[in-house]
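K.L.:
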Amino acid sequence: MAPPCELQPPHNPLICMDPVHSEIRFNARVASMQPSATLAMTARSKQRKREGFPVIGLSAGEPDFDTPEIIADAAYRAIREGFTHYTDNSGMLELREAIVLKLANENGLIYEPDQILCSNGAKQSIAQVISVLCGPGDEVLIPAPYWVSYPEMVRFAGAIPVSLPTSVHNGYRIDAEQLRDAITERTRLLILCSPSNPTGMLYEPHQLVRMAEVLEKYPDVRIVSDEIYEKIVYDGDHVSFASLPGMMEQTITVNGFSKAYAMTGWRLGFMAAERPIVKAAAKLQSQFTSAPSSISQKAGIAALKMSSEPIDRMVAAFRERRDFVLEELRGIDGIRCPRPEGAFYVFPDVSHYLGRTSRTGVTVNSSEELCFYILDSFNVALVPGQAFGGPYGLRISYAASMEDLKEAMERLRGAFASFD
Ligand code: PMP
Ligand code: GLU
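Pasting the structure below:
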């Protein structure tokens, strides 16, 4: 396995067509920041659709289901009853109490309401944790492939993202030895995401326990456990990192409502951690954004109190789609793809096709070029693995209707066959 290495800012000329060309003198950290490739690809595919192309979009990382009605009703009620004012900066006590209950019942984690900070999505929670804990010279370990925003958030804090590479050969998992070898005296954080965006990989409990045994020896290294896909699991069980022996104090648990409750547009997430960390992040939030929307918070309370039936239904649909997409992909010559145990992504290794020329004369030297060939010639929008630090892969989101997935897989078969 390749050693850990400092991640260089990605150069994604095709995805990120928006470099800062301006006379205005920007903060250097903003000028060098890449826009989110997942959002950029999704915007690009929507634009192509508006231009009249029959694009099937499999680039967006969001459930294609609507928010359950019982949640939406709570929001309507909040508006009608005039619950439209600022709340406590950390989020309403009632919501934080409901989160405390959820963490105890579902995750085996004992927190108090003052250890919870509600934010505008898990994205803000993660950005705040990184910003309050890391500064210039600090290192943040990020297993790759990773969610696109982690390294950018780390660089924005002035810290150094350090990639721990994985591949299709080890099922996109780091192991305890790799982790131990990567820790230096400058390491401040490890960001874990299980189930993973973009690979769908879920760590097994014994693998997490071995990592915890390593991390226990480095009490100054904290773990951000991004558990946003915890409820979207098909094989195995999700384990909260903070519930592992010795890990409660070292871990910052991040979660949100976007995926499990199909609430991406509501912008509601939270972190749970030791009080001083929560206090520091709350201070940052108080100066930058304040609490999330009062209406979304009321909806969040309803989400935590509702029966699991709508989630079970959504996960059953995702499972069927995962099985279908995986079988289709594995039927394509040269593609290797581990079975994802969770989330709604597959991350096939397409290295077999890189450097090849299609019958129409298009040479694809990178996953990015392959993605654009597929979008331009076959009207399927995917996200190149390069954006996730996995240059040999593509991310396919199967949060789309079965009808679209069937058509998309047929087009993808055509796309890959065009290289023969
Ligand atoms: N973490 C991961 C791994 C994600 O895929 C997302 C999706 N955007 C987020 C965090 C943030 O989610 P949100 O801000 O919508 O809660
Ligand atoms: N997390 C989703 C994705 O990976 C949403 C887009 C984003 O926030 O980057 O596609």
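At the far end of the sequence shown sits residue 1118, using this note's numbering, and the numbering has no gaps. Using N, Cα and C, we set each Cβ at its ideal position, and we do this for glycine too.
Rank Met899, Gln985, Val753 and Ala960 by C-alpha distance to the C-alpha of Gly819 and give the top, closest one.
P.N.:
Ala960
K.L.:
Which word fits Tyr827, buried or exposed, when buried means at least 16 other C-beta atoms lie within 10 angstroms of its C-beta?
P.N.:
Before going further, note that residue 827 is Val rather than Tyr in the sequence given. The residue is buried, with at least 16 neighbouring Cβ atoms inside 10 Å.
K.L.:
With a threshold of 7 angstroms on Cβ separation, who are the neighbours of Val1134 within its own chain once the five nearest residues in sequence on each side are excluded?
P.N.:
An answer regarding residue 1134 cannot be provided, because it is not within the stretch 699 to 1118 covered by the chain.
K.L.:
With distance defined between alpha-carbon atoms, name the residue in Asn895, Val860, Val1023 and Asn787 nearest to Ile881.
P.N.:
Val860
K.L.:
Less than 8 angstroms between the CB of Leu966 and some heavy atom of the ligand PMP, yes or no?
P.N.:
yes
K.L.:
Taking only heavy atoms of the ligand GLU into account, decide whether any of them is closer than 8 angstroms to the Cβ of Ala970.
P.N.:
Residue side-chain check: Ala970 keeps its Cβ at 8 angstroms or more from all non-hydrogen atoms of the ligand GLU.
K.L.:
Alpha carbon to alpha carbon, what distance is there between Ala857 and Asn1077?
P.N.:
One C-alpha to the other measures close to 38 angstroms.
K.L.:
In three-state terms, what does DSSP make of Val1078?
P.N.:
If DSSP states are grouped into helix, strand and coil, Val1078 belongs with the strands.
K.L.:
Would you call the CB atoms of Leu807 and Met946 closer than 9 angstroms?
P.N.:
yes
K.L.:
May I have the straight-line CA-CA distance separating Asp1118 from Pro702, to the nearest angstrom?
P.N.:
36 angstroms
K.L.:
Inspect the CB distances between the region 1007–1024 and the region 975–989 and report whether three or more fall short of 8 angstroms.
P.N.:
no
K.L.:
Got a sec? Which residues, its chain only, sit under 7 angstroms from Ala980 by beta carbon, not counting five neighbours each side?
P.N.:
Asn787, Ser788 and Leu815
K.L.:
Decide if Met715 is buried, meaning its Cβ has at least 16 other Cβ atoms within 10 Å, or exposed.
P.N.:
With a pLDDT of only 46 at Met715, under the threshold of 50, the placement of this residue in the model should not be trusted; the figure read from the coordinates follows. It counts as exposed.
K.L.:
Distance, Cα to Cα, Ile1120 vs Gly759?
P.N.:
Lying before the first or after the last residue shown, residue 1120 is absent from the chain, which here runs from 699 to 1118.
K.L.:
Do Leu793 and Leu1002 have their C-beta atoms within less than 9 angstroms of each other?
P.N.:
yes
K.L.:
CB Gly967 to CB Gly954, shorter than 9 angstroms?
P.N.:
yes
K.L.:
Could you check which residue in Ser956, Glu914 and Gln983 has the C-alpha nearest to that of Thr785?
P.N.:
Gln983
K.L.:
Any chance the CB of Gly954 is under 8 angstroms from a heavy atom of the ligand PMP?
P.N.:
yes
K.L.:
CB of Leu737 to nearest heavy atom of the ligand GLU: below 8 angstroms?
P.N.:
Because some heavy atom of the ligand GLU lies under 8 angstroms away, the Cβ of Leu737 counts as near it: yes.
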